[in-house]
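Student: Below: one structure in structure tokens.
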Amino acid sequence: MEYYKDVDINLQEYDIYIIRIKRVYAFCFFISVITWGLTIVALNIGIDCVFFKREIPPNLLSIGIVMLFAMPTLRKTQPDIPEIGCALDFLCFIWCEILIGIAACMMLYSWLLRWKLPI
């Protein structure tokens, strides 16, 4: 404040403490659980396709790709969430995106290997 010593300006200083209520934390936890649940479902479908030779219908092939684009939108539903890089991302979002990407590749790869020329 030494810069303003010579200038006749009234400055007031405020300390504002903002905390999130417990419902916000509960909602963020709920979104994280949903994210992990969807990831486990996609990974289960991918593992079933590759290792257990499960036949999947063609309309189910896009589930992994759709989830890759839906997860950032689901993440943004959390109230006052910062940009990507917060602690929640390192615990949940980034790992889920990686696992869903792997599952999507597994589904597409197994479908391409078993494709038969229609007669």
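Per numbering that gives the first Met the number 0, the very first residue in the sequence shown carries number 0; after that it's consecutive.
Glycine included, each C-beta is placed from N, C-alpha and C at the ideal position.
Can you tell me whether DSSP reads D47 as helix, strand or coil?
Tutor: Correct three-state label for D47: helix.
Student: Do you know offhand how far I33's Cα is from M66's?
Tutor: Their Cα atoms are separated by approximately 12 Å.
Student: Roughly how far, in whole angstroms, is the beta-carbon of F92 from the beta-carbon of R74, given that I think they are within contact range, below 8 Å?
Tutor: 5 Å
Student: Could you check where the alpha helix (DSSP H) with E96 kicks off and where it finishes?
Tutor: 93–112
Student: Assign Y13 to one of three DSSP states: helix, strand, or coil.
Tutor: For Y13, the three-state secondary structure derived from DSSP is coil.
Student: Hey, M106 and L60: beta-carbon distance below 8 Å or not?
Tutor: The Cβ atoms of M106 and L60 sit closer than 8 Å to each other.
Student: What is the rounded straight-line gap between the Cα of I97 and the Cα of C48?
Tutor: So the alpha carbons of these two residues sit roughly 18 Å apart.
Student: Would you kindly work out how many angstroms separate the C-alpha atoms of V52 and G45, rounded to a whole number?
Tutor: In the sequence on display, residue 52 carries Lys and not Val. C-alpha separation (whole angstroms): 10 Å.
Student: Please list the terminal residues of the continuous alpha helix (DSSP H) segment that includes R74.
Tutor: First-last of the alpha helix (DSSP H) with R74: 62–74.
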